[in-house]
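In my numbering, the protein residues as written are 4 to 233.
Written as structure tokens, this is what we have:
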């Protein structure tokens with residue numbers, strides 16, 4: 004029984020070896036047949052990339068032409084010559100000669116202050132206070148609070164005090180002629196009338212302040228006699 008099993012194992016191993024050799028032989032045979040059926044072709048590099056059409060051209064060298072330069076015409080010198088230049092410092096001899104001839108004459112009225120000098124044709128000096136009479140004072144700048152009060156008074160001044168109307172009139176007078184003033188007075192006749200009355204109130208107060216006070220009247224008693232004093 005052992006001999007039979009040994010023979011079977013040896014026979015199986017021989018059959019396996021024969022099968023592997025057969026498969027190896029068939030694989031090589033199929034490979035040779037495929038190579039004969041599709042022969043390998045080696046393509047030329049020129050066929051793959053294409054023949055180059057670039058041609059290297061050599062440019063013809065140009066002969067340099069000789070150009071004649073025109074000599075510029077002589078122009079007059081821009082700067083003064085050395086002989087025409089003046090010295091930066093006046094010599095002491097020239098200063099002595101200048102003052103020895105009589106010197107500089109003083110200008111008439113040079114020592115008189117500017118405010119006391121007379122104008123041309125004997126006219127009196129201009130009084131700026133008289134020129135400003137009846138006009139609003141010069142603008143001194145407005146705050147945002149003043150402009151806000153002016154806008155509120157232009158809309159409604161029924162509950163405002165006299166001081167607020169005066170302040171609003173001053174602000175509106177300084178805003179006169181500006182785009183803000185034109186916008187306030189445009190499209191509403193009642194508001195325009197109210198603004199005009201506020202400005203007039205301010206100008207009336209300004210004229211009253213600028214108007215000089217009348218001199219106090221001196222009352223002479225009826226029984227006064229100079230002889231009593233002497």
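Glycine included, C-beta positions come from ideal geometry on N, C-alpha and C.
Which stretch, first to last residue, makes up the alpha helix (DSSP H) that contains residue i?
| i | result |
| --- | --- |
| residue 152 | 147-158 |
| residue 4 | Neither: residue 4 is in no alpha helix (DSSP H) and is coded neither H nor E. |
| residue 184 | 182-188 |
| residue 193 | 192-213 |
| residue 167 | 165-178 |
Among the options, whose alpha-carbon lies nearest the alpha-carbon of residue i?
| i | options | result |
| --- | --- | --- |
| residue 205 | 211, 169 and 148 | 169 |
| residue 148 | 57, 165 and 171 | 171 |
| residue 209 | 173, 191 and 189 | 173 |
Might you give, ordered along the chain, the residues of its own chain that have their beta carbon closer than 8 Å to the beta carbon of residue i, omitting 5 neighbours on each side?
| i | result |
| --- | --- |
| residue 183 | 150 |
| residue 158 | 194 |
Sorted by chain position, which residues of the same chain lie with C-beta nearer than 7 Å to residue i's C-beta, five sequence neighbours on each side aside?
| i | result |
| --- | --- |
| residue 163 | 156 |
Excluding the 5 residues flanking residue i on each side, which residues of the same chain have their C-beta closer than 6 Å to its C-beta?
| i | result |
| --- | --- |
| residue 232 | none |
With burial defined as no fewer than 16 other Cβ atoms inside 10 Å of the residue's Cβ, what is the status of residue i: buried or exposed?
| i | result |
| --- | --- |
| residue 180 | exposed |
| residue 234 | With the chain covering 4 to 233 only, the question about residue 234 has no answer from this structure. |
| residue 153 | buried |
| residue 187 | buried |
| residue 197 | buried |
Give a yes or no on whether the minimum CB-CB distance between residue i and chain C is below 9 Å.
| i | result |
| --- | --- |
| residue 173 | Here chain C cannot be found, since the structure has a single protein chain. |
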